[in-house]
Amino acid sequence: MTSSPDTPLVLRRATDAEDWEALTALLHRAYGTLAAQGLRFYASHQPASATRERAESGECWVGELEGRVVCTITLIPPERCRGANGRAAWYDRPEVAKFGQMAVEPELGRRGIGSMMMDLVERRARECGARELALDTAEGATQLLAMYEARGYRFIEHVDWQPTTNYRSRLLSLTLG
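In our numbering, the protein residues as written are 21 to 197.
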């Protein structure tokens, strides 16, 4: 478990006992603004079974604030990335980990919670032996792209996940120090 001295947020690994319906509802709320822009992120409409399946594919982390889950992120270590993506060659590289299902309760935005989660997965990716940490997001999600690029993530390739999504993705990666 990790927490910040500036906030009582506690980050912990998800357990089998998670409320997957509540975690899915959080994802739907967090991706709601993007969905309203016409971007069909899978996390904006996925069922709870998919939330759980995606979380169990790696290390799912959740953040609690006063006992309520308010954020989540899932890290997929390199050995679980390879061969699972088909359309994105970068993810098949043995030194690449990836993350996804990153969400923060919308009313808690701009408080550094997303940065704390990013710090956590970047650290965990290093500890798992990854030399690169990658993600993909919609080409039209300009605020997300700017946030990742400000952290040092760089463009690698385009990926098309249609029909699961309705947009072309930009795959970004960070060289881990």
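C-beta atoms are modelled at their ideal positions from N, C-alpha and C, and glycine is treated no differently.
To the nearest angstrom, how far is the alpha carbon of residue i from that of residue j?
i      : j      : result
ALA166 : THR35  : 32 Å
GLN57  : LEU196 : 32 Å
PRO25  : ILE133 : Here PRO25 scores only 47 on pLDDT, less than 50, and its place in the model should not be relied on; the value that follows carries that caveat. Near 12 Å, if we compare the C-alpha coordinates of ILE133 and PRO25.
LEU164 : ALA37  : 31 Å
CYS101 : ALA150 : 11 Å
GLU125 : GLU41  : 15 Å
LEU43  : ALA108 : 27 Å
VAL89  : ASP112 : 32 Å
THR92  : SER135 : 12 Å
What are the boundary residues of the beta strand (DSSP E) that residue i is part of?
i      : result
ARG144 : No beta strand (DSSP E) contains ARG144, which is instead part of the alpha helix (DSSP H) from 133 to 147.
GLN121 : 116 to 124
TRP81  : 79 to 85
HIS178 : 174 to 180
ALA158 : 152 to 158
SER64  : Counting along the chain, SER64 falls outside any beta strand (DSSP E), and DSSP gives it neither H nor E.
THR162 : Not the beta strand (DSSP E): THR162 falls in the alpha helix (DSSP H), residues 162 to 170.
ARG49  : Looking at the DSSP string, ARG49 is not in any beta strand (DSSP E); the run it does join, the alpha helix (DSSP H), is 40 to 50.
ARG88  : 88 to 96
Spatial neighbours of residue i within its chain, please: C-beta separation below 8 Å, excluding the five flanking residues on both sides.
i      : result
PHE175 : ARG190, LEU191 and LEU192
SER23  : In this prediction, SER23 scores a pLDDT of 47, lower than 50, which makes its location untrustworthy; no coordinate-derived value is stated.
Have a look at the options and flag the residue whose alpha-carbon is nearest the alpha-carbon of residue i.
i      : options                       : result
VAL179 : LEU164, LEU155 and LEU194     : LEU155
LEU46  : ILE96, GLN66, ALA37 and ARG32 : GLN66
ALA145 : ASP39, GLU79 and GLY160       : GLU79
ALA68  : MET138, GLN121 and VAL141     : GLN121
For residue i, which residues from the same chain have a beta carbon less than 7 Å from its beta carbon, with the 5 sequence-adjacent residues on both sides left out?
i     : result
PRO98 : PRO114, GLU115, VAL116, ALA117, CYS148, GLY149 and ALA150
Beta-carbon separation of residue i and residue j under 9 Å?
i      : j     : result
ALA161 : LEU54 : yes
LEU31  : TRP81 : yes
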